[in-house]
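Trainee:
Number of protein chains: 4
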Amino acid sequence: MSNEVRSLNEECGVFGVWGAENANYLTYLGLHSLQHRGQEGAGIVANDGQKLRTYRNLGLLTQVFSKPEYLNSLTGNSAIGHVRYSTAGENKIENVQPLLFDFTDSQIALAHNGNLTNAITLKRELEDKGHIFKSSSDSEVLIHLIKISNKKTLKEKMIEALNKIHGGFAYLLLTKDSLMVALDSHGFRPLSIGRLKNGGYVVASETCALDAVGAILVKNVQPGELITISDLGMVVDQWTKKTKLAICSMEFIYFARPDSDILGINVHSARKRMGANLAKEYEVTGDIVVGVPNSSLSAASGYAEESGLPYEMGLIKNQYMGREFIQPTKELREKSVRQKLAAVKGVVCGKRVILVDDSIVRGTTCAYIVQLLRDAGAIEVHLRIASPRFMHPCFYGIDIQEKDELIAAHKSIAEMNQIFGSDSLEFLSEEGLIDAIGLEADAPYSGLDMSYFNGDYPTYLYDYESKK
Amino acid sequence: MSNEVRSLNEECGVFGVWGAENANYLTYLGLHSLQHRGQEGAGIVANDGQKLRTYRNLGLLTQVFSKPEYLNSLTGNSAIGHVRYSTAGENKIENVQPLLFDFTDSQIALAHNGNLTNAITLKRELEDKGHIFKSSSDSEVLIHLIKISNKKTLKEKMIEALNKIHGGFAYLLLTKDSLMVALDSHGFRPLSIGRLKNGGYVVASETCALDAVGAILVKNVQPGELITISDLGMVVDQWTKKTKLAICSMEFIYFARPDSDILGINVHSARKRMGANLAKEYEVTGDIVVGVPNSSLSAASGYAEESGLPYEMGLIKNQYMGREFIQPTKELREKSVRQKLAAVKGVVCGKRVILVDDSIVRGTTCAYIVQLLRDAGAIEVHLRIASPRFMHPCFYGIDIQEKDELIAAHKSIAEMNQIFGSDSLEFLSEEGLIDAIGLEADAPYSGLDMSYFNGDYPTYLYDYESKK
Amino acid sequence: MSNEVRSLNEECGVFGVWGAENANYLTYLGLHSLQHRGQEGAGIVANDGQKLRTYRNLGLLTQVFSKPEYLNSLTGNSAIGHVRYSTAGENKIENVQPLLFDFTDSQIALAHNGNLTNAITLKRELEDKGHIFKSSSDSEVLIHLIKISNKKTLKEKMIEALNKIHGGFAYLLLTKDSLMVALDSHGFRPLSIGRLKNGGYVVASETCALDAVGAILVKNVQPGELITISDLGMVVDQWTKKTKLAICSMEFIYFARPDSDILGINVHSARKRMGANLAKEYEVTGDIVVGVPNSSLSAASGYAEESGLPYEMGLIKNQYMGREFIQPTKELREKSVRQKLAAVKGVVCGKRVILVDDSIVRGTTCAYIVQLLRDAGAIEVHLRIASPRFMHPCFYGIDIQEKDELIAAHKSIAEMNQIFGSDSLEFLSEEGLIDAIGLEADAPYSGLDMSYFNGDYPTYLYDYESKK
Amino acid sequence: MSNEVRSLNEECGVFGVWGAENANYLTYLGLHSLQHRGQEGAGIVANDGQKLRTYRNLGLLTQVFSKPEYLNSLTGNSAIGHVRYSTAGENKIENVQPLLFDFTDSQIALAHNGNLTNAITLKRELEDKGHIFKSSSDSEVLIHLIKISNKKTLKEKMIEALNKIHGGFAYLLLTKDSLMVALDSHGFRPLSIGRLKNGGYVVASETCALDAVGAILVKNVQPGELITISDLGMVVDQWTKKTKLAICSMEFIYFARPDSDILGINVHSARKRMGANLAKEYEVTGDIVVGVPNSSLSAASGYAEESGLPYEMGLIKNQYMGREFIQPTKELREKSVRQKLAAVKGVVCGKRVILVDDSIVRGTTCAYIVQLLRDAGAIEVHLRIASPRFMHPCFYGIDIQEKDELIAAHKSIAEMNQIFGSDSLEFLSEEGLIDAIGLEADAPYSGLDMSYFNGDYPTYLYDYESKK
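Residue numbers (full-length UniProt numbering), protein chains in the order written: chain A, 1 to 468; chain B, 1 to 468; chain C, 1 to 468; chain D, 1 to 468.
1. Along chain C, which residues have their Cβ under 8 Å away from the Cβ of Thr-104 (chain A)?
2. Is it true that the CB of Ile-165 (chain C) sits closer than 8 Å to the CB of Leu-142 (chain C)?
3. Quick check on the DSSP output: what are the complete alpha helix (DSSP H) runs of length 4 or more inside the segment 43-128 of chain C, in order along the chain?
4. Give a yes or no on whether 8 Å exceeds the smallest Cβ distance from Leu-297 (chain D) to chain C.
5. Measuring straight from C-alpha to C-alpha, what distance separates Met-163 (chain B) and Ile-146 (chain B)?
6. Kindly indicate the opening and closing residues of the beta strand (DSSP E) around Phe-15 (chain C).
7. Sort A:Asp-102, A:His-112 and A:Thr-75 by Cα distance to Ala-42 (chain A) and report the nearest one.
8. On the DSSP letters alone, give me the boundaries of the beta strand (DSSP E) that Ile-216 (chain C) sits inside.
9. Taking 7 Å as the limit between beta carbons, can you name the residues of its chain near His-36 (chain B), skipping five residues before and five after?
10. Quick one: grab the DSSP three-state call for Phe-453 (chain A).
11. Please give the ranges of any alpha helix (DSSP H) in the segment 149-199 of chain A, keeping only runs that are unbroken, at least 4 residues long and fully inside the region.
12. Go to Asp-237 (chain C), then tell me how far its beta strand (DSSP E) extends in each direction, as first and last residue.
13. I want to verify the contact list: residues of chain B whose CB lies under 7 Å from the CB of Lys-147 (chain D), in sequence order.
14. Do the segment 240-260 of chain C and the segment 196-203 of chain C make contact, defined as three or more Cβ pairs closer than 8 Å?
15. If we call anything under 8 Å between Cβ atoms a contact, is Leu-217 (chain A) one with Thr-207 (chain A)?
16. Entirely within the segment 352-378 of chain D and at least 3 residues each: give me those beta strand (DSSP E) ranges in chain order.
17. Within this structure, are the beta carbons of Ile-193 (chain D) and Asp-463 (chain D) separated by less than 8 Å?
18. Whose Cβ in chain A lies nearer than 7 Å to the Cβ of Cys-208 (chain B)?
19. Please name the residues in the segment 51-69 of chain A whose beta-carbon is closer than 9 Å to at least one beta-carbon of chain B, in chain order.
20. Going by beta carbon distance, what residues of the same chain come within less than 6 Å of Glu-94 (chain D), once the five residues before and after it are set aside?
See below:
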């Protein structure tokens with residue numbers, strides 16, 4: 001799927017640190033490991049115990065922090081950071097997180113991964129009371145709810161506010177006194193806490209970011225938890241008792257980095273098992289197994305191992321391909337696409353290729369990749385997708401909220417096979433996926449959000465209920 | 001080897017086109033496919049039949065051509081382009097190619113991949129005659145030799161000049177009338193010619209660039225050839241009869257893109273055979289085979305296939321790592337390195353890892369990678385290098401001209417094994433390498449320049465003779 | 001005064017247009033004429049009848065709109081714009097105006113020139129009700145007050161809100177239906193309305209911006225007016241009846257562009273009369289009259305005309321001096337200052353110079369200019385200031401709110417004369433200033449805010465009352 | 001003339017320093033004072049006694065040296081610098097000076113103000129000998145001539161080379177051992193030498209640059225001089241005895257900064273005398289005298305003083321006008337021009353204006369300025385030009401080499417008056433100009449190059465002889 005034009009986009013990665021020198025640099029390193037979760041904007045807020053300072057902008061992390069002074073200015077021993085994906089047209093700096101709120105007597109910074117399902121309703125209610133929002137993101141609602149709470153402590157205000165919102169969220173809140181961490185009641189998004197050698201705490205969307213700063217995993221945040229980290233240590237509270245794990249299955253299939261562990265399960269290994277299950281489910285005669293780089297390589301190697309066929313590097317990705325690539329004239333558009341992926345003729349020529357892709361969302365580049373292999377001499381191309389048919393939008397933090405965009409929602413497998421020009425096309429079954437991930441959850445409930453594939457949303461959808 | 005700090009650097013990629021609309025865009029696309037051959041500077045000269053125009057600058061191709069107008073200004077149906085690596089401190093724009101020479105009555109543009117071994121001597125002689133050089137690169141010498149020739153036609157002048165220079169070179173020369181292509185008498189550097197569907201000609205350092213613009217390979221340029229492409233077609237001359245193929249073995253081992261074919265041999269496949277031969281040469285008990293991404297993945301998969309062990313993605317590379325990454329404080333330096341490569345714990349934990357790298361030059365990052373695997377739980381790390389010990393500098397176009405920089409020139413295998421912290425260390429034999437590449441050259445002579453490994457330089461070294 | 005390091009800074013210029021094609025370009029041109037009123041940030045909001053769009057950033061107007069697409073994206077027939085001065089350390093993009101507020105069902109944009117005196121109190125009250133502010137500027141308060149109003153129409157809400165705020169303000173509000181213009185009850189800031197040939201309306205802080213877009217002045221906005229411009233034309237309301245003109249005298253003395261007319265009085269001509277009155281008030285024997293470029297040239301020529309002495313170009317300003325000028329080492333600091341102003345030796349050598357400056361605020365560069373003239377050979381330097389002693393801070397829109405910064409508040413004329421190294425020093429009297437400006441207001445009240453000189457603030461100061 | 005679109009452009013300013021710490025910064029400061037002599041490119045070469053280092057680029061000085069490291073990298077106690085004007089289309093970095101030539105055993109840097117009249121011929125001859133030029137500027141010829149000289153010392157080579165070239169030149173040459181300064185045999189361009197307090201030497205195109213670094217004038221370089229500055233002090237030689245002063249009259253009229261002294265004559269004062277003589281030559285009834293800012297203000301004040309009419313600021317220039325100003329649509333083009341200059345209505349309304357401009361070259365903006373004044377209410381506009389009719393191109397260093405561009409070469413005064421829409425038009429006489437400048441040269445020969453006005457070129461024109 002990694003080659004689709006505007007493919008599926010995660011809406012964020014968050015990272016936080018408390019109690020460490022160079023909190024700014026640690027956050028920079030952590031966010032760099034989470035860059036795959038959002039490339040449209042990045043920001044950091046640091047806290048020196050007196051004042052919170054921020055720097056954020058549109059672009060990749062390294063583009064945002066293009067000058068050392070931007071990072072150096074963020075002094076203090078704690079910080080939170082965010083990398084963001086924003087839908088086209090709304091890539092305005094106001095929406096880049098962390099959001100920093102300056103009140104006359106205090107400051108709060110907020111970083112959010114996920115999507116609220118009742119934000120529109122809440123926002124309307126707050127506006128009717130005279131509230132003004134500074135961003136068009138749903139993330140800001142939480143702060144307004146905290147602000148109007150009559151409770152006494154920030155933790156109490158926070159619990160009251162969390163009980164008013166619905167949907168998917170992993171929140172980091174930073175004040176001069178503490179770093180607060182909250183996860184929604186279904187645990188839609190992964191979130192882990194680690195410790196540094198010096199004793200400081202680190203929170204991150206994925207464990208690869210803990211590794212990046214040399215932190216050791218101490219806790220995977222559980223649904224409904226509210227964790228407060230301060231100079232007194234870490235306190236775990238439960239903001240709600242009504243919890244039920246439903247972690248996003250696409251994190252395992254596509255989003256997360258292969259070296260991350262989600263709830264103790266290594267992502268690369270889970271993907272290998274998806275590929276292996278795919279090989280078991282459908283028999284086909286081929287000569288080599290080729291994965292679409294880079295996201296499908298794990299699944300492809302699992303497929304190859306299970307099928308006994310050689311795993312080959314039949315496609316390679318141009319590592320210098322960037323957004324700044326100049327789009328030539330229309331006539332040269334096709335050649336331009338060839339810049340991104342190239343087929344290795346010496347590998348695929350004369351071969352029956354089993355092409356493994358992790359998932360199909362819009363399906364816009366499948367036909368191109370199949371043709372690329374045929375041009376390089378492949379005599380057959382059998383397309384195998386290491387996840388079930390993606391037919392339903394997501395409302396918990398992924399930017400597909402329209403069924404129209406999903407090819408599998410409108411076309412049969414046979415139709416898609418014809419559109420892509422492949423010799424055959426098959427998808428992994430839901431059971432095969434659940435088995436591959438292997439969460440230890442009570443049967444028959446898997447602990448996974450599988451709504452992409454079966455439309456079975458774990459929650460009522462509020463503002464989006466009509467879009468189901 | 002791809003993770004060494006300042007690893008081995010190719011000194012260029014060249015691309016040319018004659019007789020095609022959008023010659024500027026085709027050259028841009030072609031150079032983009034050759035970006036791995038040089039990341040320090042890029043430029044294009046285009047010819048509209050009346051005038052040659054140039055744009056060039058320091059940086060990656062997409063950075064150089066950051067605005068469409070830079071590329072659009074280069075009008076005409078023919079063009080040459082260049083991507084360049086330049087040694088630190090000499091990254092000045094004067095040395096970025098193609099060099100464009102404006103004479104009162106004519107213009108010549110020049111792009112050069114390679115290194116001359118008698119340029120210093122020739123330059124001194126020319127300066128004594130009053131000549132002034134505009135760049136500090138050796139490439140410019142050729143134009144001066146052409147300029148002082150008393151011959152009548154440009155081709156005759158060119159032949160006279162080529163016979164005065166020694167070393168490695170693949171030259172492209174563009175005038176308003178023709179595109180001239182010349183290869184040194186040993187064919188140190190690869191160079192291929194293709195044709196576009198409309199009949200236009202394309203020349204490129206690697207065949208992956210022909211693929212990128214949709215051209216079909218029609219000829220691999222042979223040692224000693226001088227080829228003239230004009231509106232009359234392509235004429236092949238021989239500027240010298242004294243030729244003997246000695247193509248750079250490092251092109252197969254490390255430099256070239258896996259989807260390129262060099263003299264008809266697919267690079268990825270050759271690397272797989274190197275890995276396979278490595279597995280045959282040394283027996284070792286392991287659980288999984290892991291390659292250093294990205295350059296060693298082909299060799300690792302060949303090793304795995306031959307050994308029957310699983311090929312695993314035990315290391316992953318951060319695709320967002322760029323030069324602009326801010327270097328944190330010294331204490332955080334180690335964590336910064338972790339940004340580039342990460343070990344996949346779920347894969348390597350508890351395993352005996354056979355780690356395959358394509359080559360060792362300076363050896364600066366081997367110890368780091370071994371440690372990375374151990375930190376992730378590997379119980380043994382056996383390092384296998386898919387090429388012989390790199391002990392001698394190169395004078396034909398690679399930027400290692402000092403023996404001091406080469407760890408294998410000074411340390412025994414046992415010493416290196418200790419330095420790297422690996423459980424064992426072995427290198428592919430010279431015979432294994434020659435067999436893996438499989439050039440059809442007369443035995444015992446392989447057709448390869450193997451001087452990196454045995455110090456047996458195919459030519460007298462002139463200015464560098466004392467450095468041997 | 002123009003050469004003082006961090007001299008007096010106006011806090012804004014505003015410009016608006018309704019009912020004209022290319023509203024974005026007209027606003028750009030208008031703001032360019034108002035650039036002298038604020039150089040730290042600039043922005044434009046345009047309205048196409050459906051949606052308001054904004055682009056704003058830190059820097060000069062031409063730096064902000066560095067690419068044509070930024071301006072082109074702002075489509076529609078109406079627009080407002082703003083140029084801003086922001087105090088050091090608070091130059092964050094959040095504070096750059098116009099501020100654009102996106103409500104669920106509507107949008108409002110706001111541009112403000114001035115300073116509210118009870119904003120801190122109001123902000124605290126609103127925060128206590130749960131409101132969150134997105135900027136740290138006082139300008140935002142108005143929108144919150146509008147939002148909480150129970151009135152029905154925007155105009156009624158606006159009138160209610162305006163009656164709650166105090167201080168100096170010239171507001172432009174843009175919605176998709178109208179452009180609203182409001183001036184405080186004392187008219188502290190100038191604001192004028194003009195019409196384009198096509199019938200469209202233009203509003204600007206100074207008339208020079210009307211000239212810049214080819215508009216004809218139709219009305220100087222009066223204290224307490226609320227003007228609504230829509231497709232139905234212009235409607236003038238009075239949001240309060242309690243009005244009393246007290247326009248800022250420093251607009252005449254220093255801020256406004258010489259080609260602007262304020263309340264019908266040409267600024268250049270008023271300055272000439274200030275210089276003439278200064279010549280009448282103090283007799284001194286000199287050879288030539290020299291003004292500090294550029295702000296004091298009008299006053300100097302008036303002085304010369306009245307005194308009968310020649311007006312000479314004894315000082316010139318480097319037109320290429322910009323912020324990006326690199327500050328050399330400490331030893332070279334003095335030479336660096338010489339880059340800004342230079343004395344014309346051929347003019348001042350051997351002369352008794354009467355040096356006219358428009359005002360003295362911090363007094364930081366007076367000594368330097370006197371020395372510059374002496375180094376160039378002046379035998380006497382008599383410093384004459386074309387305004388009274390500046391001894392009291394401003395709370396209505398100028399960035400001096402601390403008495404400590406004002407040299408005249410702490411030093412006698414004799415002391416200042418010694419500090420500056422001048423042969424004599426005199427200031428224009430208050431009467432001389434009032435006479436020079438010549439507003440037709442009832443005697444003895446002048447219609448001018450003269451509080452800078454006499455501490456007689458026209459209003460209660462609320463949040464700042466203690467700072468008097 | 002300062003408002004003409006692409007008006008007259010000086011082709012350079014040069015600055016050099018020997019024997020001073022911070023030579024790089026002093027050169028930066030000096031060039032900043034000479035920025036008016038060239039805004040297209042800037043560069044500095046510094047010498048630390050071992051190595052010459054350079055940094056140069058297109059743009060204003062502050063744009064070129066946009067980061068402190070660019071300037072800091074230029075270490076050493078001597079340096080030369082250059083600001084350049086380049087004709088449109090040829091603004092390539094190769095032509096930005098100083099040019100630095102790296103020979104195998106030595107380095108020479110060159111900065112040149114002026115234009116050679118036999119460069120094309122010499123370049124052709126050198127190319128026939130096989131020489132290759134790196135720039136398309138004529139400046140490079142000198143180095144080639146030095147390089148082919150058989151003389152022994154650099155000074156002897158230099159003298160031989162200087163005797164082969166013709167035209168206008170002020171050369172600075174820097175080697176690790178000395179700074180050489182040469183002026184052509186007519187002294188077309190101004191060039192002065194000063195000393196710093198610490199004893200170091202400074203050379204500059206204008207004395208304002210000496211003032212800027214705190215240096216004292218010690219010598220105006222004379223025609224035919226070759227001056228060598230080294231650690232041994234300053235040695236003055238004569239490279240030719242055939243000299244005859246013919247300094248460019250346009251330096252006095254337009255190019256030089258008013259605070260500079262040329263050959264002991266203050267430029268501002270000379271311009272005042274031009275204005276005064278203009279008033280004497282033609283009688284006209286008017287109310288006020290207005291100069292076109294900034295270049296014509298001196299002449300206007302001289303005119304006013306002589307005529308007894310008030311000198312008024314009837315036009316003001318927008319100090320924020322830069323190249324980066326976005327050009328709106330065609331319909332708004334006129335309004336865009338209004339951004340550059342504005343008429344002060346309060347001054348000119350109802351007045352008979354005598355408008356003084358320093359010169360008319362292409363005449364492209366005169367009509368616009370006259371209309372501007374009429375729109376502001378002027379009842380008569382009498383245009384007075386403080387120099388004679390500019391009818392002949394320049395070949396000694398100004399970028400007008402085509403008679404076609406000069407309006408006075410093709411139109412009578414009556415025709416121009418009609419084109420400009422002025423009520424009357426008059427030009428200063430040649431005698432009036434010579435008298436105003438007042439060089440102490442033998443009558444009837446004035447010591448000035450007056451060829452712009454009378455076509456009487458002081459030298460044979462070689463390559464340009466046919467263009468006369």
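Quick reminder that beta carbons are idealized off the backbone N, C-alpha and C, glycines included.
Mentor: Well, looking at it:
1. Here residue 104 (chain A) corresponds to residue number 104 of the first sequence, with the count starting at 1. What Thr-104 (chain A) touches in chain C: Ile-120, Lys-123, Arg-124 and Glu-127.
2. Residue numbering aside, residue 142 (chain C) sits at position 142 when the third sequence is read from its first letter. Residue numbering aside, residue 165 (chain C) sits at position 165 when the third sequence is read from its first letter. Closer than 8 Å, so yes.
3. 61-64, 68-72 and 119-128
4. Translated into positions along the fourth sequence, residue 297 (chain D) becomes position 297. True, the Cβ-Cβ gap to chain C drops below 8 Å.
5. Within the second sequence, residue 163 (chain B) is the residue found at index 163, counting from 1. Within the second sequence, residue 146 (chain B) is the residue found at index 146, counting from 1. Position check: residue 163 (chain B) holds Asn in this sequence, whereas Met was assumed. Rounded to whole angstroms, Asn-163 (chain B) to Ile-146 (chain B) spans 11 Å at the Cα level.
6. Along the third sequence, read from residue 1 onward, the residue named residue 15 (chain C) stands at position 15. Residues 13-18.
7. Sequence index remark: in the first sequence, residue 42 (chain A) carries index 42 (1-based). Checking every option, the nearest Cα to that of Ala-42 (chain A) belongs to A:His-112.
8. Sequence index remark: in the third sequence, residue 216 (chain C) carries index 216 (1-based). 216-220 is the span of the beta strand (DSSP E), which, as asked, contains Ile-216 (chain C).
9. Position 36 of the second sequence, counting from 1, holds the residue named residue 36 (chain B). Only Arg-257 meet the Cβ criterion.
10. On the first sequence, residue 453 (chain A) is found 453 positions in, with the first residue counted as 1. In the structure shown, Phe-453 (chain A) sits in a helix (DSSP, three-state: H, G or I).
11. 154-162
12. To locate residue 237 (chain C), count along the third sequence from 1; it is residue 237. From DSSP, the beta strand (DSSP E) with Asp-237 (chain C) extends over 233-238.
13. For this step, residue 147 (chain D) is matched to residue 147 along the fourth sequence. Simply Gly-130 and Ile-132.
14. no
15. Residue numbering aside, residue 217 (chain A) sits at position 217 when the first sequence is read from its first letter. Residue numbering aside, residue 207 (chain A) sits at position 207 when the first sequence is read from its first letter. Yes; because the gap between Cβ atoms is below 8 Å, this pair is in contact.
16. 352-357
17. Stepping through the fourth sequence from its first residue, residue 193 (chain D) is reached at position 193. Stepping through the fourth sequence from its first residue, residue 463 (chain D) is reached at position 463. No, the Cβ-Cβ distance between Ile-193 (chain D) and Asp-463 (chain D) is not below 8 Å.
18. Residue 208 (chain B) sits at position 208 when you count from the first residue of the second sequence. The contacting residues are Ala-342.
19. Leu-60, Leu-61, Thr-62, Gln-63, Phe-65, Ser-66, Lys-67 and Pro-68
20. Reading the fourth sequence from its first residue, position 94 is the one you call residue 94 (chain D). Taken in chain order, the residues that qualify are Ser-135.
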